[in-house]
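Each residue of the sequence shown is one higher than the one before, starting from 1 at the first, in UniProt numbering.
Cβ coordinates follow ideal geometry from the N, Cα and C atoms, glycine included.
All of these numbers come straight from a predicted model, not from anything done at the bench.
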Amino acid sequence: MRETLRASWNHRHRLGQTREDAERGVFNPHHSTLPLVLHGPLDVAALNRAWHAVQRRHPALLSGFDTDLALWHVGAAEPQDVRRLPAGADEEADRAAVRAAVIEPFDLVHGPVARLVVLPRSPRETYFALVTEHLVSDGWSLNALIRDLAVLYGRETGAAVPPLPPIELPFQEFVRRQNRAVDAPAGRAALARLAARLDGIGAIPAMPVEGFSGATGIRYEENEDFVRRLPGELCRELAAAASPLRMTGLNLMHAALHQALYERSGRPVVATTLSTANRELPGLTHTAGWFASKTVLASEPGRYPDPVEYLRHFRDRILVTLDDSDLPWPALIDLMDPPALGRQATVPYVTFNARPLGMRRSVGEIEIPGVRTAPLRISNGWHDASIATFWDEDEDGVTVNVMFKTDWYTAPDVLALWDAVEARLHRWAEELRP
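What follows is the structure, given as structure tokens:
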């Protein structure tokens, strides 16, 4: 059933950025993507029936948008078939074909805004990618979608699978509630209090560090990245040091980033954006939607030379920041810097985006009946931050991906920042050893 409602704050900000990019002739595939290698026989016809059922179960995947009026049309499109790609000459060609299908734009006006891609490489190996436009899905949502797809595929192939749980709070109802909450006097007052706390920092906190070019009119699509690995032994030492402070190892990593930003900028107040899942409501457990948001976390490293005192200060800043995490970040931008709403950031801000081990464990293994799964590495899109950091925790350590804008920074500039982060972490692991 089709229904129309006012777009969310996240929708409005992202749709504006998409229009701005289009005016420059570029496209950012702002997609949530789960690419996998499937080992074992795959019944593509059964998968297609299951995929149709997933789209009907989550009508947000069939959305279209009126970008001029900021309206969201849920269930505007018909379910689409699985896209089957032909195998190429070699593995490199097959990966390139899957990536091209992953980054292809969606029709935001008419929908749908999700696709399922398979490329059978042999009777027992298939490249697979579940792709959704971020407007209707985030990283956590992919977990719900792949679980549903696996169960429905199992039904189609006669496997013994559990029943699907009900979707208690649909994404569109969450958006209605959030819009009403922001419009209400209490919501406007909460935004005003948050803006007052961030006075002088900003909703999009400028955080230039040594080497910043100051260039204007930068090309956001011009970026590079690098990957670093924090080994398990170091991460366990950091977790042990964090525990007496009622913090986590990832909290210490974020604090180390703040310390490095302080060292490389000289600014007394350091601020980053912190990504939040925004899924505290139990009814959202099985719902696909864009719930993730950002908050601004500020600290003052120079005031606390003692590491324990600084980390206690940082913990307090985290708690204060998370108290306001239900307020949509674009609504704060609209209040503090209205021209920035729906635009790419013109100030060099820095992000901290973490995927804690608890999230990985809550998902569990991806179990598609009859096949084994393995990750398929496919790059996808770019971030509007000047330096975006992604911290992925697993049982053996933390993998860190750092993406940066090359019009603003050279690789040695950002590598120097990373070196400062890593040095701080090793120092704290030694100094704070229980």
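Taking T285 as the reference, give the member of A144, G202, P339 with the closest Cα.
-> A144
Range covered by the beta strand (DSSP E) that runs through R355 = 350-355
Limits of the alpha helix (DSSP H) - the one that M336 falls within = 329-336
Going by alpha carbons, who is nearest to P282 out of P170, G232, A184?
-> P170
Near G232, what residues of its chain come up, given a Cβ to Cβ distance below 6 Å and the 5 sequence neighbours on each side ignored?
-> Closer than 6 Å at Cβ, skipping near neighbours: D396, G397.
Can you grab the Cα-Cα spacing for the pair F226 / A184, in whole Å?
-> 44 Å
Between the CA atoms of L327 and S362 - distance to the nearest angstrom = Legend: pLDDT at S362 = 49, less than 50; position of this residue unreliable, value from coordinates given subsequently. Computed Cα separation, rounded: 25 Å.
CA-to-CA distance, P244 to N223, given in whole angstroms = 39 Å
Is the distance from the Cβ of G111 to the Cβ of A76 below 8 Å?
-> Yes, the pair counts as a contact, with Cβ atoms nearer than the cut-off.
With 16 as the cutoff for other CB atoms within 10 Å, does V44 come out buried or exposed?
-> exposed
Where does M253 sit, in a helix, a strand or coil, going by DSSP?
-> It is helical.
Where G358 and N48 are concerned, what is the direct C-alpha to C-alpha distance, given to the nearest angstrom?
-> 32 Å
In chain order, what residues of the same chain have a beta carbon less than 8 Å from the beta carbon of V308, not counting five sequence neighbours either side?
-> L245, L432
Expected contact under 8 Å - CB spacing of A7 and S137 to nearest Å | Rounded, the Cβ-Cβ distance is 15 Å, inconsistent with contact.
Using three-state DSSP, classify T157 as helix, strand or coil.
-> helix
Buried or exposed: L322, going by 16 or more other Cβ atoms within 10 Å of its Cβ?
-> exposed
7 Å CB neighbourhood of A206 in its chain, flanking five on each side removed = V347, P348, Y349
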